[in-house]
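> Take this structure, written in structure tokens, and hold onto it; I'll ask about it next.
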């Protein structure tokens, strides 16, 4: 019994790693608007500005002056739900979301550079309607990770630089869903509300090589980060059999964000055109199962709950180009494909993602040598994604109905950043 009643609550914990952004799975890409314009092709090799601190720490060695960047991306997602097993299943459950970031980088001497970045690597907000037919599998989710990254880069010689930065990460979130009281002699729904947070340390490391005067190659490794989220699980509104579980319990969840490897090339075709290409591998297979531990539950029935995810490793690919129109203006475009780590057999209403295609446009305007304003627009479209979650039972009684539907997801992204040099 302890492993079936709480599956709905467990799904909340799983949702802490979901997002509707321009990245797939748990990751979001909106740490740079100059990179957004080329669909993040060349992220590990371009070193266009101080935002390279995230894309490739070694790229700081390319910056000749002190730079300060402030920026933000806005994500407007659209979700169409079709072929639902429930009468009420409206889409557009993702509110307009903002993703801020900021960087500062400065040369210490000819060989050493220092930088400091503040950005959001993972984020989620979803808010289904109150009567959503899949509310027993997920209702509301708000989770975010904020990362502070101090970084050093070193210029080994005229061709090769390396960089390293520890990451200090803060994760917190609020997640809710419901149980059906009518199935156990009650009325209405039971509300399940989870809150938790943690801080953890990881690191990013990179190498950047000028293969020729025109061709640059970069490689960046983003480490895994181990979290132990601590907080509380609150159960309220229980009626009938579920009333036994009304109360508040200490909760703990061990969770690891996966490592990733990003490699790319940048080729300067001539004084006007620059070409970019890149690939990213992410070790999603770390997410095979989630275990939630609770304390003080009735008769210890819900002290430990586990559920399989069976996610798989994925590759993402991107190509892009930029055109230097004149000394003040640069124009950018790019295209990316990004595979989903989840499939029809294990997709949930909180993570209804499919394989993605992203098209981007961008521009950079430098009114003076000291300032650049970058803007970018991206359109994301996913392949049709099917959700088919089974019912949850308690002592042979269905208390959380199953849910199935087809999701068609898309999103518009708009970003702007200002870079000031001195």
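In mature numbering (1 follows the signal peptide of the UniProt record, and there is no 0), the protein residues as written are -23 to -1, 1 to 399.
By construction, the Cβ of each residue, glycine as well, lies at the ideal position given by its N, Cα and C atoms.
(1) Quick check: what's the CA-CA separation for residue 158 versus residue 164?
(2) Report buried or exposed for residue 133, applying the criterion of at least 16 other Cβ atoms within 10 angstroms of its Cβ.
(3) DSSP on residue 306, reduced to helix/strand/coil?
(4) Going along the chain, which residues of its own chain have a beta-carbon closer than 6 Å to the beta-carbon of residue 399, five neighbours each way excluded?
(5) Across which residues does DSSP place residue 410 in a beta bridge pair?
(6) Using 8 Å for Cβ pairs, my map puts residue 155 next to residue 209. What's the rounded Cβ distance?
(7) Let me know if residue 8 comes out buried or exposed under the rule of 16 or more other beta-carbons within 10 Å of its beta-carbon.
(8) Check residue 475 in the structure and name its three-state DSSP category.
(9) Which first and last residues belong to the alpha helix (DSSP H) in which residue 200 is found?
(10) By Cβ distance, which residues of its chain are closer than 8 Å to residue 142, with the 5 residues on each side in sequence left out?
(11) Which one of 205, 206 and 224 has the shortest CA to CA distance from residue 214?
(12) Could you check the C-alpha separation between residue 61 and residue 336 for me, to the nearest Å?
(13) Given residue 90, which residues of its chain have a CB within under 6 Å of its CB, disregarding the five upstream and five downstream residues?
(14) If you count every other CB in all the chains shown that lies within 10 Å of the CB of residue 303, and 16 or more means buried, which is it?
(15) Buried or exposed: where does residue 86 fall if 16 or more other Cβ atoms within 10 Å of its Cβ makes it buried?
(16) Relative to the alpha-carbon of residue 311, which residue among 15, 6, 274 and 99 has its alpha-carbon at the smallest distance?
(17) Can you tell me whether residue 72 is buried or exposed, with buried defined as 16 or more other CB within 10 angstroms of its CB?
(18) Can you tell me which residues form a DSSP beta bridge with residue 189?
(19) Along the chain, where does the alpha helix (DSSP H) that runs through residue 13 open and close?
(20) Apart from the five residues on each side of it in sequence, which residues of its chain come closer than 7 Å, Cβ to Cβ, to residue -16?
(21) Going by DSSP, what residues sit across from residue 164 in a beta bridge?
(22) Assign residue 261 to one of two classes, buried (16 or more other C-beta atoms within 10 Å of its C-beta) or exposed (fewer than that).
(23) Pull the bridge partners of residue 136 from the DSSP assignment, please.
(24) Going by beta carbon distance, what residues of the same chain come within less than 6 Å of residue 317, once the five residues before and after it are set aside?
(25) Could you give the residue range of the beta strand (DSSP E) that holds residue 84?
(26) Could you work out which residue in 56, 222, 218 and 294 is closest to residue 274 when comparing CA atoms only?
(27) Within the same chain, show all residues whose beta-carbon is closer than 7 Å to that of residue 389, passing over the 5 residues directly before and after it, in chain order.
(28) For a minimum of 3 consecutive residues, which ranges assigned as the beta strand (DSSP E) are wholly contained in the region 220 to 302?
(29) State the DSSP-derived secondary structure class of residue 37, mapped to helix, strand or coil.
(30) If you run the structure through DSSP and keep just helix, strand and coil, what is residue 159?
(31) With 16 other CB atoms within 10 Å as the buried threshold, where does residue 400 fall?
(32) Measuring straight from C-alpha to C-alpha, what distance separates residue 146 and residue 173?
(33) Between residue 186 and residue 5, what straight-line distance do the alpha-carbon atoms span, to the nearest angstrom?
(34) Could you check which residue in 57, 247 and 50 has the C-alpha nearest to that of residue 10?
(35) Within 10 angstroms of its Cβ, does residue 266 collect 16 or more other Cβ (buried), or is it exposed?
(36) What does the Cβ neighbour count give for residue 292, buried or exposed, with the cut at 16 atoms within 10 Å?
A quick look at the data gives this:
(1) A straight-line Cα-Cα distance of about 5 Å links residue 158 and residue 164.
(2) exposed
(3) Strand, per DSSP.
(4) 43
(5) The structure shown does not extend to residue 410, since the chain spans only -23 to 399, so no value can be given for it.
(6) Actually they do not touch by this definition, with Cβ atoms about 18 Å apart.
(7) buried
(8) Because the chain here runs from -23 to 399, residue 475 falls outside it and cannot be looked at.
(9) First-last for residue 200: undefined, no H or E at that position.
(10) 30, 34, 92, 94, 126, 127, 128, 129, 180, 181 and 182
(11) 224
(12) For residue 61 and residue 336, the gap between their C-alpha atoms comes out near 29 Å.
(13) Cβ neighbours of residue 90 within its own chain (closer than 6 Å, five residues either side excluded): 37, 38, 84 and 130.
(14) exposed
(15) exposed
(16) 15
(17) exposed
(18) For residue 189, no pairing in a beta bridge is given by DSSP.
(19) 10 to 13
(20) Residue placement at residue -16 is flagged as unreliable, the pLDDT there being 40, under the threshold of 50; the coordinate-derived value follows with that caveat. Excluding residues within five positions, the ones whose Cβ falls inside 7 Å are 113, 114, 154, 156, 169, 369 and 377.
(21) Answer is none; residue 164 lacks a bridge partner.
(22) buried
(23) Answer is none; residue 136 lacks a bridge partner.
(24) 1, 330, 331 and 332
(25) Start and end: 74 to 84.
(26) 222
(27) 53 and 356.
(28) 224 to 234, 237 to 245, 250 to 259, 266 to 272, 281 to 285 and 291 to 301
(29) Correct three-state label for residue 37: helix.
(30) helix
(31) This structure does not reach residue 400, given that the chain is present from -23 up to 399, and the question cannot be answered.
(32) 14 Å
(33) 26 Å
(34) For residue 10, the closest of 57, 247 and 50 by C-alpha to C-alpha distance is 50.
(35) exposed
(36) exposed
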